[in-house]
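Residue numbers (the UniProt record's numbering), protein chains in the order written: chain G, 1 to 343; chain Z, 1 to 343; chain P, 1 to 343. We treat Cβ as the ideally placed atom computed from N, Cα and C, and that holds for glycine.
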Amino acid sequence: MTHASHFLTLADIARHLDATLVGNGQTAVRGLATLKDAGPDQIAFLANRAYLKDLAATRAGAVLLHPDHGESCPAARLELDNPYLGYALLSQLFDPVPARDRPGIHPAATVADSARLGEGVCVAANAVIEPGAVLGKRVVVGPGSVVGADSELGDDTRLHANVTVGHGVVVGKRVILQSGCVIGGDGFGFAHDGAGWHKIAQLGGVVLGDDVEVGSCSSIDRGALGDTRIGRDVKIDSQVQIAHNVQIGDHSALAGCVGIAGSTRVGKHCMLGGGVGLSGHLTLCDGVQVTGMSLVTNSIHEPGVYSSGTGAMANHQWRKSAVRFKQLDDMAKRLSRLEKHRD
Amino acid sequence: MTHASHFLTLADIARHLDATLVGNGQTAVRGLATLKDAGPDQIAFLANRAYLKDLAATRAGAVLLHPDHGESCPAARLELDNPYLGYALLSQLFDPVPARDRPGIHPAATVADSARLGEGVCVAANAVIEPGAVLGKRVVVGPGSVVGADSELGDDTRLHANVTVGHGVVVGKRVILQSGCVIGGDGFGFAHDGAGWHKIAQLGGVVLGDDVEVGSCSSIDRGALGDTRIGRDVKIDSQVQIAHNVQIGDHSALAGCVGIAGSTRVGKHCMLGGGVGLSGHLTLCDGVQVTGMSLVTNSIHEPGVYSSGTGAMANHQWRKSAVRFKQLDDMAKRLSRLEKHRD
Amino acid sequence: MTHASHFLTLADIARHLDATLVGNGQTAVRGLATLKDAGPDQIAFLANRAYLKDLAATRAGAVLLHPDHGESCPAARLELDNPYLGYALLSQLFDPVPARDRPGIHPAATVADSARLGEGVCVAANAVIEPGAVLGKRVVVGPGSVVGADSELGDDTRLHANVTVGHGVVVGKRVILQSGCVIGGDGFGFAHDGAGWHKIAQLGGVVLGDDVEVGSCSSIDRGALGDTRIGRDVKIDSQVQIAHNVQIGDHSALAGCVGIAGSTRVGKHCMLGGGVGLSGHLTLCDGVQVTGMSLVTNSIHEPGVYSSGTGAMANHQWRKSAVRFKQLDDMAKRLSRLEKHRD
Chain G
1 MTHASHFLTL
11 ADIARHLDAT
21 LVGNGQTAVR
31 GLATLKDAGP
41 DQIAFLANRA
51 YLKDLAATRA
61 GAVLLHPDHG
71 ESCPAARLEL
81 DNPYLGYALL
91 SQLFDPVPAR
101 DRPGIHPAAT
111 VADSARLGEG
121 VCVAANAVIE
131 PGAVLGKRVV
141 VGPGSVVGAD
151 SELGDDTRLH
161 ANVTVGHGVV
171 VGKRVILQSG
181 CVIGGDGFGF
191 AHDGAGWHKI
201 AQLGGVVLGD
211 DVEVGSCSSI
221 DRGALGDTRI
231 GRDVKIDSQV
241 QIAHNVQIGD
251 HSALAGCVGI
261 AGSTRVGKHC
271 MLGGGVGLSG
281 HLTLCDGVQV
291 TGMSLVTNSI
301 HEPGVYSSGT
311 GAMANHQWRK
321 SAVRFKQLDD
331 MAKRLSRLEK
341 HRD
Chain Z
1 MTHASHFLTL
11 ADIARHLDAT
21 LVGNGQTAVR
31 GLATLKDAGP
41 DQIAFLANRA
51 YLKDLAATRA
61 GAVLLHPDHG
71 ESCPAARLEL
81 DNPYLGYALL
91 SQLFDPVPAR
101 DRPGIHPAAT
111 VADSARLGEG
121 VCVAANAVIE
131 PGAVLGKRVV
141 VGPGSVVGAD
151 SELGDDTRLH
161 ANVTVGHGVV
171 VGKRVILQSG
181 CVIGGDGFGF
191 AHDGAGWHKI
201 AQLGGVVLGD
211 DVEVGSCSSI
221 DRGALGDTRI
231 GRDVKIDSQV
241 QIAHNVQIGD
251 HSALAGCVGI
261 AGSTRVGKHC
271 MLGGGVGLSG
281 HLTLCDGVQV
291 TGMSLVTNSI
301 HEPGVYSSGT
311 GAMANHQWRK
321 SAVRFKQLDD
331 MAKRLSRLEK
341 HRD
Chain P
1 MTHASHFLTL
11 ADIARHLDAT
21 LVGNGQTAVR
31 GLATLKDAGP
41 DQIAFLANRA
51 YLKDLAATRA
61 GAVLLHPDHG
71 ESCPAARLEL
81 DNPYLGYALL
91 SQLFDPVPAR
101 DRPGIHPAAT
111 VADSARLGEG
121 VCVAANAVIE
131 PGAVLGKRVV
141 VGPGSVVGAD
151 SELGDDTRLH
161 ANVTVGHGVV
171 VGKRVILQSG
181 CVIGGDGFGF
191 AHDGAGWHKI
201 AQLGGVVLGD
211 DVEVGSCSSI
221 DRGALGDTRI
231 GRDVKIDSQV
241 QIAHNVQIGD
251 HSALAGCVGI
261 AGSTRVGKHC
271 MLGGGVGLSG
281 HLTLCDGVQV
291 TGMSLVTNSI
301 HEPGVYSSGT
311 GAMANHQWRK
321 SAVRFKQLDD
331 MAKRLSRLEK
341 HRD
């Protein structure tokens, strides 16, 4: 269910968002909801014209919207140029999670004597902080999470439950690691002697910049020699795999189930759709977008949108196209022959 | 190895499955196996004509099968209309897992004072039950699993090891959560201010219906505002990612590595093959089947089987087809020109 | 950062690698790095001609290389026929992980009375060893990891943090399980009664051969009746899903995000690229390679390289090809008509 929370007055919210309030500043709301679902004690937002139809009938106590839509609003309103950004900033005020943090070390946690913890740190039950780890101020380590030897977590970083940070990993400030993710597992490196495999010890680390988020059950492997590097403000969804020595530029966003092979470099402000795969040792320049489930096997040097694959269709029709796909080269040659014959 | 178990007589089994026994009811078996592998103290089943060839030579102590195949059975037999269903029901009798449950709270578990536990609950070592959580009767929480604040688990629900259920998640009755899965991690939501990302706090929850199963290392994210909703009797395999505000209809089944983007609605009795990807904000009607690794980018309003992609072929041939795929539009135009020229 | 470590003399290293040293055997190095990054107290290697350009300018204290490149080396050198293998063996000497192992059972671990532990076993904080489990000599169980009832771990096997090994799983010697992986979750098996699903209890186990490695957040499901079997020296990357009753032959390697459906058999010395999907009940012979993100829906009986899909291209061009893909069968028929007409 949507989590109720404390009450905020519209005046406070307008101040916080630097928005123009049209309505009674003393009106208090206790949560956020969509235009359709919001009640009188909730605030809604209009950030997408597709939902304009819901504005007239909304029961919301107030609405965040662009000044252009102010006139059509039946309720109190907060006008600002980027209502979606306003919604984001406001949502953080209603987040019930921080309120639950209990500074201190839970008696059922295990913290090595040589670990260094900043003020206001919260270490939950059954968390493990290994020797030499350094936790900044107000770091939160959730239940069952493990911080490896000699790793560093920056101020205000939060590990949810059952997160694993390996040894020698450097995590920036305000980083959020969702439950079940693993930062610093070994990269996939082996040498073949003609008969079988010999492990290449992965001696590098992982460096996560400030404001990075990593989703549930995602994995970022440590480097073979140098580090795997995730830039500032990079957002990584759930079930993502990032291999050893990959580098991701600042502000890039990776959707769920993305897989990036070893040593590939992704630029800044890139966006990879769900299930995208990048081969190893590639370079993607800044501003590249790749649509869902595309496979990229060559470097990309021009910003823009890239795709591969085929759209879904009825299976009985798809079967015909799939068979013809295997005949494509033959078809092309026959086409050329016909053209020659015509001339 | 296959787990031996207690002995059951054929008479007991016939009664449990409502099957017709042909043979000695006092014969006892201690486990299930295939027609090929079963020994005299095991029971086998014939649910697929492909295995009919193994029936004559089976050493099984008894066989579950359809009456049509009774005559060909060299051993004692239990006849029933749906032998595969019979196998399923019988397999549960031989499952060694429930027998190991130890009602009570392990001394190495951490249970908040404000949590409410029903009778017969088992909380294993190093499990953590956060404040306000409510566990129904006979709930089993495996070692290292975490139940978040204010979450609810219905009667007879089982969390295996190292499972994470976030705060404010509602789980139905008889739900099974396999090890390493994460229910209620944050959805992937951010607003861009032109320079970088601002987190949208994910204020919704997750609701899992009765009889849902979620596989190992799968993740189901919490909603942004409303809840992510998984219907009754939905079966979800391993390594699956379900994004915020997705809705899955009752009795649908999702195979391994499926990824579903935000706010997409899947109907009832749908089946998604392994690695299928669904874009966000789509609607799939009831009774849709999507074959393995297909990408669906548009809503589907007709029941049926859908596919995308191309079948695997020898790489040297595939390279030619892949090159021609990029020339397809040109080929089609040249084909039209030739047709015009012909007339 | 790259992890510094203890010092080794070039004479010791030459002896360990059976390499020919050209230079001062008393020179000591404390770590490995690339030709480009290495300093005087580090050793580098040349295993790929692409990096030959970096050799002349390297500041490395010594270089591992093939005798053919000895003359071009400005530093002390260790000559051997397979420098990449030499790098692998040397990297293990600089691995800081084993040095941190603390034999014994951490007071915050939970070990069942009926578990049997070999000499030199390390069980970390909050690890759980269930009844009947058997751990060989020098086995390491990391923090938060769980070893299920009646499972067996061979000598020198290492579980990193938050690993889950289910009940009745047999793990060989020198196996490495990365953090967050799950071995022995239930396979995905259900019988339909016309209205809904009935669980098929997964009564089989998982058997991992000697020298297997499994990556972060990967899952290997237990068999329905017989076991899921992973052969000797099989290397499995992160985010991989292996379904029930799959069999993988010795020395095969599976890259990240691979998914293999139930009962499929993969031969020996096979290599599956990242994101490859194999349908169920297939057989791949020895020596098969499948390129990244290919879907295999039929058995493969000839060694070689196989592929499916289409390469990435600019989205506006891809849209045209994707539309034409749906018209392929029609195009092929029109082409045939033109050919007939020509004759």
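Selection from the options that minimises the alpha carbon distance to residue i
{"i": "A159 of chain G", "options": "G:L177, G:S151 and G:G168", "result": "Per the sequence shown, the amino acid found at residue 159 of chain G is Leu instead of Ala. Checked all of G:L177, G:S151 and G:G168; the closest Cα to L159 of chain G is G:L177."}
{"i": "A108 of chain G", "options": "G:R116, G:A124 and G:S299", "result": "G:A124"}
{"i": "A115 of chain G", "options": "G:A47, G:Y87 and G:S151", "result": "G:S151"}
{"i": "A50 of chain P", "options": "P:V288, P:H69, P:V175 and P:L295", "result": "P:H69"}
{"i": "G304 of chain Z", "options": "Z:R30, Z:C285, Z:G23 and Z:P40", "result": "Z:C285"}
{"i": "Y87 of chain Z", "options": "Z:D18, Z:L135 and Z:V121", "result": "Z:D18"}
{"i": "M271 of chain G", "options": "G:I248, G:C73 and G:D12", "result": "G:I248"}
{"i": "V234 of chain G", "options": "G:T264, G:R265, G:H269 and G:G194", "result": "G:H269"}
{"i": "V97 of chain G", "options": "Z:K340, Z:H167 and Z:G132", "result": "Z:H167"}
Enclosing alpha helix (DSSP H) for residue i [first to last residue]
{"i": "K326 of chain P", "result": "N315 to K326"}
{"i": "V97 of chain G", "result": "V97 to R100"}
{"i": "G184 of chain P", "result": "No alpha helix (DSSP H) holds G184 of chain P; the beta strand (DSSP E) holding it covers V182 to G185."}
Sequence-distant residues of its chain with Cβ nearer than 7 Å to residue i (five each side left out)
{"i": "A44 of chain Z", "result": "A33, T34, L35, A38, T58, A60 and V63"}
{"i": "D81 of chain Z", "result": "H66"}
{"i": "G189 of chain Z", "result": "I200, Q202, A224 and H244"}
{"i": "R77 of chain Z", "result": "V22, G23, A62, V63, L65 and G70"}
{"i": "L8 of chain P", "result": "A28, V29 and L93"}
6 Å Cβ shell around residue i - same chain, five flanking residues per side excluded
{"i": "E130 of chain G", "result": "A112, G148 and A149"}
{"i": "V246 of chain P", "result": "T228, I260 and T264"}
Neighbourhood of residue i by C-beta distance below 8 Å, restricted to the same chain and skipping five residues each side
{"i": "S294 of chain G", "result": "G273, V276, G277, Y306, S307, S308 and G309"}
{"i": "H198 of chain P", "result": "F190, A191 and H192"}
{"i": "H301 of chain G", "result": "T283 and C285"}
{"i": "D155 of chain Z", "result": "G118, G136, K137, R138, V139, K173 and R174"}
{"i": "L52 of chain G", "result": "L46, H69 and S72"}
Euclidean distance between Cα positions of residue i and residue j
{"i": "I236 of chain Z", "j": "L208 of chain P", "result": "25 Å"}
{"i": "G267 of chain Z", "j": "P83 of chain P", "result": "56 Å"}
{"i": "M331 of chain P", "j": "A322 of chain P", "result": "14 Å"}
{"i": "N315 of chain G", "j": "G172 of chain Z", "result": "35 Å"}
{"i": "C122 of chain G", "j": "D211 of chain G", "result": "19 Å"}
{"i": "H3 of chain G", "j": "G31 of chain G", "result": "With a pLDDT of 44 at H3 of chain G, under the threshold of 50, the predicted position of this residue should be treated as unreliable, though the coordinate-derived value follows. One C-alpha to the other measures close to 8 Å."}
{"i": "A14 of chain P", "j": "S91 of chain P", "result": "14 Å"}
{"i": "A255 of chain Z", "j": "T291 of chain P", "result": "22 Å"}
{"i": "Q289 of chain Z", "j": "N298 of chain Z", "result": "14 Å"}
{"i": "H16 of chain G", "j": "L89 of chain G", "result": "8 Å"}
{"i": "L153 of chain G", "j": "N126 of chain Z", "result": "24 Å"}
{"i": "L85 of chain Z", "j": "T157 of chain P", "result": "39 Å"}
{"i": "G187 of chain Z", "j": "A56 of chain G", "result": "29 Å"}
{"i": "L338 of chain Z", "j": "G185 of chain P", "result": "59 Å"}
{"i": "S206 of chain P", "j": "R222 of chain P", "result": "Reading off the sequence, residue 206 of chain P comes out as Val, not Ser. When rounded, the distance between both Cα atoms is 5 Å."}
{"i": "G104 of chain G", "j": "G204 of chain G", "result": "32 Å"}
N- and C-terminal bounds of the beta strand (DSSP E) containing residue i
{"i": "D221 of chain P", "result": "S219 to D221"}
{"i": "Q202 of chain Z", "result": "That residue, Q202 of chain Z, is in no beta strand (DSSP E); it is neither H nor E in DSSP."}
Distance CB(residue i)-CB(residue j) smaller than 8 Å
{"i": "Q241 of chain G", "j": "S219 of chain Z", "result": "no"}
{"i": "G25 of chain G", "j": "L10 of chain G", "result": "yes"}
{"i": "P143 of chain Z", "j": "V146 of chain P", "result": "yes"}
{"i": "V140 of chain Z", "j": "I183 of chain Z", "result": "no"}
{"i": "V296 of chain Z", "j": "A75 of chain G", "result": "no"}
{"i": "C217 of chain Z", "j": "G262 of chain Z", "result": "no"}
{"i": "D250 of chain G", "j": "R229 of chain G", "result": "no"}
{"i": "C328 of chain P", "j": "L335 of chain Z", "result": "Per the sequence presented here, residue 328 of chain P reads as Leu, with Cys not at that position. The answer is no: Cβ separation not under 8 Å."}
{"i": "T164 of chain Z", "j": "N162 of chain G", "result": "yes"}
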